[in-house]
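Participant: This is the structure I want to talk about, given as structure tokens.
2 protein chains.
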Amino acid sequence: MQIGAAAEASGVSAKMIRHYESIGLIANGARRDNGYRDYDQRDVHELRFIRSARDLGFSLEEIRALLDLWRNKARSSRDVHSLAARHLHQIETKITELQAMAQTLRQLLQACHSDERPECPILDGLGGTAIRGVHC
Amino acid sequence: MQIGAAAEASGVSAKMIRHYESIGLIANGARRDNGYRDYDQRDVHELRFIRSARDLGFSLEEIRALLDLWRNKARSSRDVHSLAARHLHQIETKITELQAMAQTLRQLLQACHSDERPECPILDGLGGTAIRGVHC
DNA sequence: CAACACCTTCCCATCATTGGAAGGTCAAGT
DNA sequence: ACTTGACCTTCCAATGATGGGAAGGTGTTG
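Protein chains in written order, with the numbering used here: chain F, 1 to 136; chain X, 1001 to 1136.
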């Protein structure tokens, strides 16, 4: 299996597969005589693992830890749980921040009459002290 | 007013003020004889505008457009409204994505017994086909 | 005159990903 | 045999917003 097929099968682009290899996230795998990388089903499985974790917003460093746990038969599920819980918390924090931004924006948008006149509470809000305390 | 004082007064770091100037977001302002940048209240006002907009998640390119509207007395509030509404929509989309991630993570966390045993539905979920369709 | 707090420019790092250049390899069609 | 096209290789650079730090100039105070 060449890198293109592995990319297709895993949902990870060939570019990124090479990159993950270069940063040591995945092992320097086998090469054929012509220098082409060679992949099997296990490699694809690992790449799909990475892809799923990325889809869930895990950083590459978090994924590095997850992969260590995945490969380690003697792991404790508590370690995995802890890592995932920490990540969930980060996401929830981010959601809260974004919701605060959205709420402020909605208030500004509602105050704006949105016509051809230049008066604009949105710009006034940004320029004035009205938004003080948002600090995201 | 030197850059440090302007940074303090606006909440924008000196580093970023120089950067904003270098990318043309703010004008190349006055310099004193010694080469130091010199700021007045209007500059600080503008920097605070930028800071507020960043706090609301606007990108620097969006802020560039907002600043153009801010400076343009002949603007229409509709243009500002449209720009802000588009940005709000982006934020809401992002929130939805993060909520989907959080929901999936919560399900995985709930399925995980979190003890010293190696069996772990979280890793199984990431490795298997269980998360297919998340695709954020 | 020394110490210190400021300022200047310039380069580099982050994070995940993409794009492209320059070149090697291989199979199919003419 | 030769060309075309689809692969593959490595290396370099860009994205966006920000921070860190080096090397050096300026200015005030003790």
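Glycine included, C-beta positions come from ideal geometry on N, C-alpha and C.
Please read these numbers as outputs of a predicted model, since none were measured by experiment.
Could you tell me the alpha carbon to alpha carbon distance between F/Ser76 and F/Ser82, rounded to whole angstroms?
Facilitator: For this step, residue 76 of chain F is matched to residue 76 along the first sequence. For this step, residue 82 of chain F is matched to residue 82 along the first sequence. In a straight line, the C-alpha of F/Ser76 is about 10 Å away from that of F/Ser82.
Participant: Have a look at F/Ala6 and F/Arg31 and give me their C-alpha separation to the nearest angstrom.
Facilitator: Position 6 of the first sequence, counted from the first residue, corresponds to residue 6 of chain F. Position 31 of the first sequence, counted from the first residue, corresponds to residue 31 of chain F. The alpha-carbon atoms of F/Ala6 and F/Arg31 are separated by roughly 14 Å.
Participant: Would the beta-carbon of F/Met1 fall within 9 Å of that of F/Asp40?
Facilitator: Counted from its first residue, the first sequence places residue 1 of chain F at position 1. Counted from its first residue, the first sequence places residue 40 of chain F at position 40. Contact flag set, yes.
Participant: Any idea which residues DSSP pairs X/Arg1048 with across the strands?
Facilitator: Indexing the second sequence from 1 puts residue 1048 of chain X at position 48. For X/Arg1048, which the question treats as bridged, DSSP gives no partner whatsoever.
Participant: Which whole-angstrom value describes the C-beta separation of X/Ile1003 and X/Ile1026, a residue pair presumed to lie in contact below a C-beta threshold of 8 Å?
Facilitator: By 1-based counting over the second sequence, the position of residue 1003 of chain X is 3. By 1-based counting over the second sequence, the position of residue 1026 of chain X is 26. Between X/Ile1026 and X/Ile1003 the Cβ distance is about 12 Å, and since that is not below 8 Å, they are no contact.
Participant: For F/Ala74, count neighbouring C-beta atoms within 10 Å of its own C-beta (all shown protein chains included) and say buried if the count is 16 or more, exposed if not.
Facilitator: Here residue 74 of chain F is taken as the residue at index 74 of the first sequence, counted from 1. Label assigned to F/Ala74: exposed.
Participant: How far does the alpha helix (DSSP H) with F/His89 in it extend, from its first residue to its last?
Facilitator: By one-based count along the first sequence, residue 89 of chain F stands at place 89. Here the alpha helix (DSSP H) through F/His89 covers Ser77 to Ala111.
Participant: Short of 7 Å in beta carbon distance, which residues of its chain neighbour X/Asp1033, apart from the five on each side in sequence? Order them along the chain.
Facilitator: To locate residue 1033 of chain X, count along the second sequence from 1; it is residue 33. Excluding residues within five positions, none has a Cβ falling inside 7 Å.
Participant: Note down the Cα distance separating X/Arg1078 from X/Glu1062, rounded to an integer number of angstroms.
Facilitator: By one-based count along the second sequence, residue 1078 of chain X stands at place 78. By one-based count along the second sequence, residue 1062 of chain X stands at place 62. The straight-line gap from Cα to Cα measures roughly 15 Å.
Participant: I'd like the list of long-range same chain contacts for X/Arg1132, defined as Cβ closer than 7 Å, with 5 residues on each side in sequence excluded.
Facilitator: Counting from 1 along the second sequence, the entry for residue 1132 of chain X is found at position 132. At X/Arg1132 the pLDDT is 44, less than 50, meaning the model places this residue with poor confidence; the figure from the coordinates comes in the next sentence. Answer for X/Arg1132: no residue qualifies.
Participant: How big is the Cα-Cα spacing for F/Val80 and F/Phe58?
Facilitator: The sequence position of residue 80 of chain F within the first sequence is 80, counting from 1. The sequence position of residue 58 of chain F within the first sequence is 58, counting from 1. About 13 Å.
Participant: Return the first residue and the last residue of the alpha helix (DSSP H) that X/Ala1065 is part of.
Facilitator: Locating residue 1065 of chain X in the second sequence gives position 65, counting from the first residue. Unbroken alpha helix (DSSP H) run through X/Ala1065: Leu1060 to Arg1071.
Participant: Looking only at DSSP bridge pairs, what is F/Arg37 linked to?
Facilitator: In the first sequence, the residue the question calls residue 37 of chain F occupies position 37. Note: F/Arg37 sits in a beta bridge opposite F/Arg31.
Participant: Just by C-beta distance, which residues in the segment 1087–1112 of chain X are closer than 9 Å to chain F?
Facilitator: Correct list: His1087, Leu1088, Ile1091, Glu1092, Lys1094, Ile1095, Glu1097, Leu1098, Gln1099, Met1101, Ala1102, Thr1104, Leu1105, Arg1106, Leu1108, Leu1109 and Cys1112.
Participant: Which two residues bound the contiguous alpha helix (DSSP H) that contains F/Ser22?
Facilitator: On the first sequence, position 22 is the one that residue 22 of chain F refers to. Looking at the DSSP string, the run of the alpha helix (DSSP H) that includes F/Ser22 is Ala14 to Ser22.
Participant: Taking the continuous alpha helix (DSSP H) assigned at F/Ser10, which residues delimit it?
Facilitator: For the purposes of this step, residue 10 of chain F is taken as residue 10 along the first sequence, with counting starting at 1. F/Ser10 -> alpha helix (DSSP H) spans Ile3 to Ser10.
Participant: Can you confirm whether X/Lys1056, when its beta carbon is compared against all beta carbons of chain F, has any partner nearer than 9 Å?
Facilitator: Locating residue 1056 of chain X in the second sequence gives position 56, where the first residue counts as 1. Per the sequence shown, residue 1056 of chain X should be read as Leu rather than Lys. So, interface residue.
Participant: Note down, in chain order, each residue of its chain lying with its Cβ closer than 7 Å to the Cβ of X/Ala1009, except the 5 sequence neighbours on either side.
Facilitator: One-based indexing of the second sequence puts residue 1009 of chain X at position 9. Same-chain partners within the cutoff: Val1044.
Participant: Drop a sphere of 10 angstroms on the beta-carbon of X/His1113, count the other beta-carbons inside from all chains shown, and report buried for 16 or more, exposed for fewer.
Facilitator: In the second sequence, counting from the first residue as 1, residue 1113 of chain X sits at position 113. Looking at its Cβ environment, which holds fewer than 16 other Cβ atoms inside 10 Å, X/His1113 is exposed.
Participant: In this structure, does DSSP put X/Ala1074 in helix, strand or coil?
Facilitator: The residue labelled residue 1074 of chain X in the question sits at position 74 within the second sequence. X/Ala1074: coil per DSSP, three-state reduction.
Participant: Measuring only between beta-carbons, confirm whether X/Glu1116 sits less than 9 Å from chain F.
Facilitator: What you label residue 1116 of chain X is simply residue 116 of the second sequence in a count that begins at 1. X/Glu1116 counts as touching chain F.
Participant: Compute the Euclidean distance between the alpha carbons of X/Ser1013 and X/Leu1105, then round it to the nearest angstrom.
Facilitator: Counting from 1 along the second sequence, the entry for residue 1013 of chain X is found at position 13. Counting from 1 along the second sequence, the entry for residue 1105 of chain X is found at position 105. Approximately 36 Å, taken between the alpha carbons.
Participant: With 9 Å set as the bound, which would you pick, yes or no: does the beta-carbon of F/Ala85 sit closer than that to a beta-carbon of chain X?
Facilitator: The count along the first sequence starts at 1 and reaches residue 85 of chain F at position 85. Judged by the 9 Å Cβ criterion, F/Ala85 is in contact with chain X.
Participant: Shortest alpha-carbon distance to F/Leu88 belongs to which of X/Pro1121, X/Ile1095 and X/Met1101?
Facilitator: Numbered from its first residue, the first sequence carries residue 88 of chain F at position 88. The shortest Cα separation from F/Leu88 among X/Pro1121, X/Ile1095 and X/Met1101 belongs to X/Met1101.
Participant: Can you check whether the CB of X/Gly1127 is closer than 9 Å to the CB of F/Trp70?
Facilitator: Counting from one through the first sequence, the residue named residue 70 of chain F turns up at place 70. Counting from one through the second sequence, the residue named residue 1127 of chain X turns up at place 127. It is a contact, given that the beta carbons lie within the stated cut-off.
Participant: Thinking F/Ala85 and X/Leu1109 are a contact (beta carbons under 8 Å), I'd like their distance in whole angstroms, please.
Facilitator: Start at 1 with the first residue of the first sequence, and residue 85 of chain F comes out as number 85. Start at 1 with the first residue of the second sequence, and residue 1109 of chain X comes out as number 109. Between X/Leu1109 and F/Ala85 the Cβ distance is about 6 Å, and since that is below 8 Å, they are a contact.
Participant: Excluding five sequence neighbours on each side, which residues of the same chain lie with their C-beta closer than 6 Å to the C-beta of F/Pro118?
Facilitator: Within the first sequence, the letter at position 118 stands for residue 118 of chain F. Closer than 6 Å at Cβ, skipping near neighbours: no residue.
Participant: To the nearest angstrom, how far is it from the Cα of F/Asp115 to the Cα of X/Leu1047?
Facilitator: Here residue 115 of chain F refers to the residue found at position 115 of the first sequence. Here residue 1047 of chain X refers to the residue found at position 47 of the second sequence. The alpha-carbon atoms of F/Asp115 and X/Leu1047 are separated by roughly 27 Å.
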